[in-house]
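Worksheet: the structure to be examined is printed underneath.
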Ligand code: GLV
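In the numbering used here, the protein residues as written are 80 to 388.
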């Protein structure tokens, strides 16, 4: 009866400590050094090496170490018959809102333009717009997007949201499906992407989409780097379709040193830190799911892998 932490690109130690502190009776081990692969019933994964899950003959449940599950894609040997769960955490949700709020306020109060003025020794105040006249548009109204959209509306922005299926969030005008996408985009002065990465959303942030936004809009991408066509962003910024972009996620992370984004004056970038999972905060729900799995009870935050989120 073992939980195995199977991750690359993340230090397993704090997760091991947090899980053991949460329930000292648990047997938690770390890939690739488990004593007996056959004892492992529950795998806690982040960017697992492809094919490795096949080595566990008695695996019964797979949990992501984050909110996203796209890191499971592309493994031809992924055990599709097993339930997959993800982490939903108030701290993660709040962290994402704080990041989005900071980025929205930066552009709303035109700090990007004042930075350019500072460089040019240009003293030129502009009248700030009122919040309710600024339309902030959230693409993706899941746990993270829905929460941030609601909070931005409470702050006073005119908030609209788009998702594949209809959602209802107080204060947010919600659009749904392909047929309402263009109407949504036509109003999006600040477009925030929090779409899950699926085959449908890969490359969704492209030139065609940017050309449907009001001229001089802002893009904030906090979803996945693969949601964005990078060359199209450069074109849109250079042609003035977009005024600026704040990016926290990239196709290749860490962003290579020679990447154009580093020095582009209309791009503000951060190193995938918009919201970081705290092992201590999420350990109780991982342990809960492990117990639920043992009792055959419905799991928390189970993902529909055929849908991809
Ligand atoms: C981070 O990107 C996550 O999916 O938790």
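The beta carbon of each residue, even a glycine, is placed where N, CA and C say it ideally should be.
Nearer than 8 Å: is that true of the beta carbon of residue 34 relative to any heavy atom of the ligand GLV?
A question about residue 34 goes unanswered here, because the residues of the chain that appear run from 80 up to 388.
Measuring straight from C-alpha to C-alpha, what distance separates residue 265 and residue 116?
Residue 265 and residue 116 have their C-alpha atoms spaced approximately 53 Å apart.
Does the beta-carbon of residue 300 have 16 or more other beta-carbons within 10 angstroms, so that it is buried, or is it exposed?
Classification for residue 300: buried.
Any non-hydrogen atom of the ligand GLV closer than 8 Å to residue 354 Cβ
For residue 354, the distance from the CB to the nearest heavy atom of the ligand GLV is below 8 Å.
Just to confirm, does residue 225 get its C-beta within under 8 Å of one of the non-hydrogen atoms of the ligand GLV?
If you check the C-beta of residue 225 against the ligand GLV, you find no heavy atom less than 8 Å away.
According to DSSP, what are the bridge partners of residue 125?
In the DSSP output, where bridge partners are listed per residue, residue 125 has 86.
Is the segment 220-236 in contact with the segment 271-287, if contact means three or more CB pairs nearer than 8 Å?
The answer is yes - the segment 271-287 touches the segment 220-236, with three or more Cβ pairs under 8 Å.
Nearest-angstrom Cα separation, counted from residue 269 out to residue 247:
Straight-line Cα distance between these residues: approximately 20 Å.
If you count every other CB in all the chains shown that lies within 10 Å of the CB of residue 316, and 16 or more means buried, which is it?
Classification of residue 316: buried, given that the 10 Å Cβ count is 16 or more.
Outcome for residue 113 when other beta-carbon atoms lying within 10 angstroms are tallied against a minimum of 16:
Looking at its Cβ environment, which holds 16 or more other Cβ atoms inside 10 Å, residue 113 is buried.
In this structure, does DSSP put residue 195 in helix, strand or coil?
Three-state result, residue 195: helix.
Closest by CA to residue 373, which one among 138, 183, 197?
If we check each option's Cα against that of residue 373, 138 comes out closest.
For residue 151, is the classification buried or exposed, using 16 other Cβ atoms within 10 angstroms of its Cβ as the cut-off for buried?
Its Cβ being crowded by 16 or more others within 10 Å, residue 151 is buried.
Is residue 200 near the ligand GLV - that is, is its Cβ less than 8 Å away from at least one heavy atom of it?
False, no ligand heavy atom lies under 8 Å from that Cβ.
List the residues that DSSP assigns as beta-bridge partners of residue 353.
Residue 353 pairs with nothing; no bridge assigned.
At a cut-off of 8 Å, is residue 324 close to the ligand GLV when judged by its beta-carbon and the heavy atoms of the ligand?
No.
Taking only the alpha-carbon atoms, compute the straight-line gap between residue 323 and residue 82 and give it to the nearest angstrom.
Cα atoms of residue 323 and residue 82: separation of roughly 44 Å, rounded to the nearest angstrom.
How about residue 304 and residue 329: do their beta carbons lie closer than 9 Å?
Yes; because the gap between Cβ atoms is below 9 Å, this pair is in contact.
May I ask which residues mark the beginning and end of the alpha helix (DSSP H) holding residue 314?
For residue 314, the enclosing alpha helix (DSSP H) has its first and last residue at 309-317.
So is residue 354 buried or exposed if we call it buried at 16+ other beta carbons inside 10 Å?
Under this definition residue 354 is a buried residue.
Short Cβ contact (9 Å threshold) for residue 89 with residue 126:
Contact flag set, yes.
According to DSSP, what are the bridge partners of residue 255?
DSSP lists 242 as partners of residue 255.
Considering only residues of the same chain and omitting the five flanking positions on each side of residue 179, which have a CB-CB separation below 7 Å?
Same-chain partners within the cutoff: 227, 271, 299, 301.
With a threshold of 8 Å, are at least 3 pairs of Cβ atoms found where one atom belongs to the segment 253-267 and the other to the segment 278-292?
Contact between the segment 253-267 and the segment 278-292 is present, because at least three Cβ pairs lie under 8 Å.
Assigned secondary structure, residue 134 (DSSP; H/G/I helix, E/B strand, else coil)
Reduced to three states, the DSSP call for residue 134 is helix.
Which whole-angstrom value is the C-beta distance of residue 267 and residue 101, which I expect to be below 8 Å?
About 41 Å; that fails the 8 Å criterion.
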